[in-house]
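The listed protein sequences correspond, in order, to chains Y and B.
Under our numbering, the letters of the first sequence match residues 13 to 425, in that order.
Under our numbering, the letters of the second sequence match residues 13 to 425, in that order.
This report refers to the structure that appears directly beneath it.
There are 2 protein chains.
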Amino acid sequence: MKVQLLTIGDELLIGQIVDTNSAWMARQLNAIGAQVVGKETVADTAGEIVAERQRGVGKADVGLVTGWLGTIRDDVTKKALADFYEEGFVFSQETFDHITRFMTRLGREPSDSHRTQCFMPQNAALLHNRMGTAPGMWFDEKGKVVVSMPGVPYEMEYLMEVEVLPRLQKRFPGSPIIHHTILTAGEGESRIAERISEIEDNLPNEVKLAYLPGLGQVRLRLTARGENEGHLRRLLDQEARKIQETLPDIIYGQGEETLEQVIGVLLQQRNWLLSTAESCTGGYLAHRITTIAGSSAYYKGSVVAYSNELKTKLLEVSKETLDEFGAVSEETVREMVAGALKLLGTDVAVTISGIAGPDGGTPEKPVGTIWVAVGTKENVQTYHLQLGKDRLKNIQYTAIAALNFLRKFLLEE
Amino acid sequence: MKVQLLTIGDELLIGQIVDTNSAWMARQLNAIGAQVVGKETVADTAGEIVAERQRGVGKADVGLVTGWLGTIRDDVTKKALADFYEEGFVFSQETFDHITRFMTRLGREPSDSHRTQCFMPQNAALLHNRMGTAPGMWFDEKGKVVVSMPGVPYEMEYLMEVEVLPRLQKRFPGSPIIHHTILTAGEGESRIAERISEIEDNLPNEVKLAYLPGLGQVRLRLTARGENEGHLRRLLDQEARKIQETLPDIIYGQGEETLEQVIGVLLQQRNWLLSTAESCTGGYLAHRITTIAGSSAYYKGSVVAYSNELKTKLLEVSKETLDEFGAVSEETVREMVAGALKLLGTDVAVTISGIAGPDGGTPEKPVGTIWVAVGTKENVQTYHLQLGKDRLKNIQYTAIAALNFLRKFLLEE
């Protein structure tokens, strides 16, 4: 099944909103073996473009349209779709009843614009939207399926999961695409490409390899396309195994795993408690760790010591160390480990001190100089990073690098 | 000047990467008065589609193409562009010299694939890329400008800022579009729409209003299009003033300002130091505050007390309070303020305790129950939030709400 995505909205075209809907939809569609062949964004005043592109579902079997079907804006999408199918509108009592119940729960009454909203293209099957007032619309004619949904992420996600994906799977029982993603941290794309060039040069025809670099991480995505799912699965497993044997030092997981999850598992296996003490990352490391539900089982907390005074008062970094080596130094992060272990009462601690920028650098310690330490009472490891001048990137990269240092430290303990 | 964006890349179509380039480009283009009329993403194997869409720059004056021009993948874009213009390739010694210097700095030598990469369409003006090996390409023929750039964000951004935007401004001296964005926090889209419905119904023809809802915040974007910039500016100022007079309680800033910046200014005006103590937000509030360069001037740090033990030990929340009211209670966040002010030595503190979810709720305190306090030694205000079940959304919404409570608290002090 080939799918074309169409999103409608001025806010996307002037760049005030990043289109996260499309990526979410593409992931879900891939998971059911559908191939997204293209995606497009048009202005919400461009009714004629909508219709034109619907005709241009073209080589695809399915067109998925998201855009504003709410009460505030004009309903461009609906009209364009009906024009395309040359059908009239009928009043949907079912939709009006739903809107009435929905508004009553909010202590309001349906308005005139709600009533207008209930005139639906005659040939659309309506998809019930529990998350909002506007239903989805399913058109299945001329050999193509076109589905129209609201653009509000949680409404679209609800409709996709509950209505659209199951219907598509039934309508287009298809030939499989399989992905396997290998997660690495701590090495760049080109260096990885060199290390696995022989594997890449000898991939079977059905298998493709893509490098997906992110901050401090590179995901390696193997994709297999063909007719026989069992065969594809075996090919993918075989190539994944080769890569894992070649890059054991930098691979931390597979698929949708995160570094944060992997660390949680390692800590729980050891029955260890973790704490952190951060300066330049300002709480971002603690945030990453606590994005995991249940992290309170192994994470006790953090001291964000943004001022030197707190480094001394709470983390017992000695005044002499700060005077002699400075707050951004190997010696300081080492003493912060001892301080954090004691103050927060844990088995292992990660500490960070650095110059996030864009100002505050010196010739000896330019912006982007970062020290990280990971340690227990018996053993402290320290790490030096030399990053760029972008404050937010430095914060994020450092937190990811620190998580990876912690992972390696735990594996060696 | 009308612009069509085209991004090339499988990783966008399978949803492993969110397309942030397009939003960035659209913002920059808007700022120079260009209108983005559409954007499209196609697979990086789809050479013929690229060429087809280039012809389809159609109603637009400019097509901006981003995609992989690196060493690892085949150079689909370049071929497709050259096919479109029916031109041959020439070897660019200048590009090869640049690549040689670039690789030498990395301690490497240019490879065969680098040499292949240097064959450029004959009719392209090459745009020097200091951030990587592949230059941008500028085609100006048949009345249309087409520019091809690498897809790596910092390379694309460099080329846009230094080469593409200045050239476009010279090539298409255009008629203006002006935006004015008003930033609100603490009220939903529909309620705001009700409060300013009279202003919205009577907007001048040249002016449009858009609601851009985000987590806990709604941006109101006024856009004016026309010929006379001075006139448009006056219209926009006049409508912005009306909205500001109608919504003084929820407007925190204009344009690109952030809540974090506004709070920094308010604290510095009062010469006050801030600290935080967080439980369920796990350091995210501290992170938001420290995204601002120079925040160390008014922010001393945070205690992320993820365990109850730390709430007692570090923040002096009494055992009786925890036993009687629980960690997620008005009484606890109130005591956390006193503890944070004392431990971290600041004038004002923000504290948070809640159940981020998805588990851990009880009938009396379901998931999403959050308490926030803001206070000085003399005056503590508390706030209750009842949110949903999505952990990450709860964390982010709470931090934004807490920043807004702090803003209002500071304004009243």
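All residues carry an ideal CB built from backbone N, CA and C; glycine is no exception.
Since the structure is predicted, the reported quantities are computational estimates derived from the model, not experimental observations.
Note down, in chain order, each residue of its chain lying with its Cβ closer than 7 Å to the Cβ of residue i, except the 5 sequence neighbours on either side.
i	result
residue 34 (chain B)	17, 19, 51
residue 276 (chain Y)	304, 307, 310
residue 25 (chain Y)	53, 55
residue 238 (chain Y)	218, 244
residue 392 (chain Y)	346, 349, 385
residue 169 (chain B)	36
residue 255 (chain Y)	194, 208, 211, 232
residue 487 (chain Y)	Any answer about residue 487 (chain Y) is impossible in this case: the structure gives chain Y only from 13 up to 425.
residue 248 (chain Y)	190, 192, 219, 234, 236
With a CB to CB cut of under 6 Å and the five nearest residues on each side skipped, what residues in its chain are close to residue i?
i	result
residue 111 (chain B)	122, 126, 145
residue 362 (chain Y)	288, 386, 414, 418
residue 225 (chain B)	201
residue 220 (chain B)	235
residue 400 (chain Y)	380
residue 78 (chain B)	19, 33, 161, 163, 168
Would you kindly report the start and end of the unbroken beta strand (DSSP E) that includes residue i?
i	result
residue 236 (chain B)	229-237
residue 440 (chain B)	Residue 440 (chain B) lies beyond the residue range present for chain B, which begins at 13 and ends at 425; the question has no answer from this structure.
residue 152 (chain Y)	148-153
residue 132 (chain Y)	131-133
residue 52 (chain B)	47-54
residue 122 (chain Y)	Segment: none, residue 122 (chain Y) is in no beta strand (DSSP E) and carries neither H nor E.
residue 156 (chain Y)	156-162
residue 20 (chain Y)	14-20
residue 35 (chain B)	Looking at the DSSP string, residue 35 (chain B) is not in any beta strand (DSSP E); the run it does join, the alpha helix (DSSP H), is 33-43.
residue 364 (chain B)	360-366
residue 177 (chain B)	First-last for residue 177 (chain B): 177-183, but that is the alpha helix (DSSP H), not the beta strand (DSSP E).
residue 317 (chain Y)	311-317
residue 209 (chain B)	From DSSP, residue 209 (chain B) is part of no beta strand (DSSP E) but of the alpha helix (DSSP H) over 209-213.
residue 375 (chain B)	Neither: residue 375 (chain B) is in no beta strand (DSSP E) and is coded neither H nor E.
Run the CB neighbour count on residue i, radius 10 Å, all protein chains shown included, and call it buried at 16 or more, exposed below.
i	result
residue 365 (chain Y)	buried
residue 102 (chain B)	exposed
residue 250 (chain B)	exposed
residue 47 (chain Y)	buried
residue 129 (chain B)	buried
residue 396 (chain Y)	exposed
residue 318 (chain B)	buried
residue 160 (chain Y)	buried
residue 376 (chain B)	exposed
residue 107 (chain Y)	buried
residue 43 (chain B)	exposed
residue 312 (chain B)	buried
residue 283 (chain Y)	exposed
residue 424 (chain B)	exposed
Between which two residues does the alpha helix (DSSP H) harbouring residue i extend?
i	result
residue 349 (chain B)	342-356
residue 191 (chain Y)	Run containing residue 191 (chain Y): none in the alpha helix (DSSP H); it sits in the beta strand (DSSP E), 189-197.
residue 276 (chain B)	271-282
residue 28 (chain Y)	That residue, residue 28 (chain Y), is in no alpha helix (DSSP H); it is neither H nor E in DSSP.
residue 255 (chain B)	241-258
residue 421 (chain B)	403-424
residue 111 (chain B)	105-117
Going by beta carbon distance, what residues of the same chain come within less than 8 Å of residue i, once the five residues before and after it are set aside?
i	result
residue 370 (chain Y)	379, 401, 402, 403
residue 331 (chain Y)	324
residue 114 (chain Y)	144, 145
residue 40 (chain Y)	172, 173, 177
residue 338 (chain Y)	344, 377
Compile a chain-ordered list of the residues in the segment 301-324 of chain B whose CB is closer than 8 Å to at least one CB of chain Y.
301, 302, 303, 305, 306, 307, 308, 311, 312, 313, 314, 315, 316, 317, 318, 319, 321, 322: these are the residues of the segment 301-324 of chain B whose beta carbon lies less than 8 Å from some beta carbon of chain Y, given in chain order.
Going along the chain, which residues of the segment 249-265 of chain Y sit with their C-beta nearer than 8 Å to a C-beta in chain B?
Hits within the stretch: zero.
For the segment 170-201 of chain B, enumerate the residues whose C-beta is nearer than 9 Å to any C-beta of chain Y, in chain order.
Cβ contacts with chain Y: 189, 191, 193, 201.
Report the residues of the segment 210-224 of chain Y with a CB closer than 7 Å to any CB of chain B, ordered along the chain.
Hits within the stretch, in order: 222, 223, 224.
Name, going along the chain, the residues of the segment 372-400 of chain Y whose beta-carbon falls closer than 8 Å to a beta-carbon of chain B.
For the segment 372-400 of chain Y, which is checked against every Cβ of chain B, not one residue is closer than 8 Å.
Interfacial residues, the segment 25-37 of chain Y to chain B, with Cβ spacing under 8 Å:
Along the segment 25-37 of chain Y, the positions whose C-beta sits under 8 Å from a C-beta of chain B are 25, 26, 27, 28, 29, 30, 31, 32, 34, 35, 36, 37, read in chain order.
Count the C-beta pairs between the segment 137-155 of chain Y and the segment 168-176 of chain Y that are closer than 8 Å, then say yes if the count reaches three, no if not.
Flag = yes, the segment 137-155 of chain Y and the segment 168-176 of chain Y touch.
Cβ contact (3+ pairs, closer than 8 Å) linking the segment 232-250 of chain Y and the segment 269-283 of chain Y
Counting Cβ pairs under 8 Å, fewer than three are found: no touch.
Please name the residues in the segment 101-121 of chain Y whose beta-carbon is closer than 7 Å to at least one beta-carbon of chain B, in chain order.
Flagged: no residues at all.
Taking one C-beta from the segment 292-300 of chain Y and one from the segment 405-414 of chain Y each time, how about it: are there three or more such pairs within less than 8 Å?
With a cut-off of 8 Å, the segment 405-414 of chain Y and the segment 292-300 of chain Y count as touching, because enough Cβ pairs lie within range.
Below 9 Å between beta carbons is the criterion; list the residues of the segment 39-54 of chain Y that meet it against any residue of chain B, in chain order.
Taking 9 Å as the Cβ-Cβ cut-off against chain B, the residues of the segment 39-54 of chain Y that qualify are 39, 40, 41, 42, 47, 48, 49, 50, 51, 52, 53, 54.
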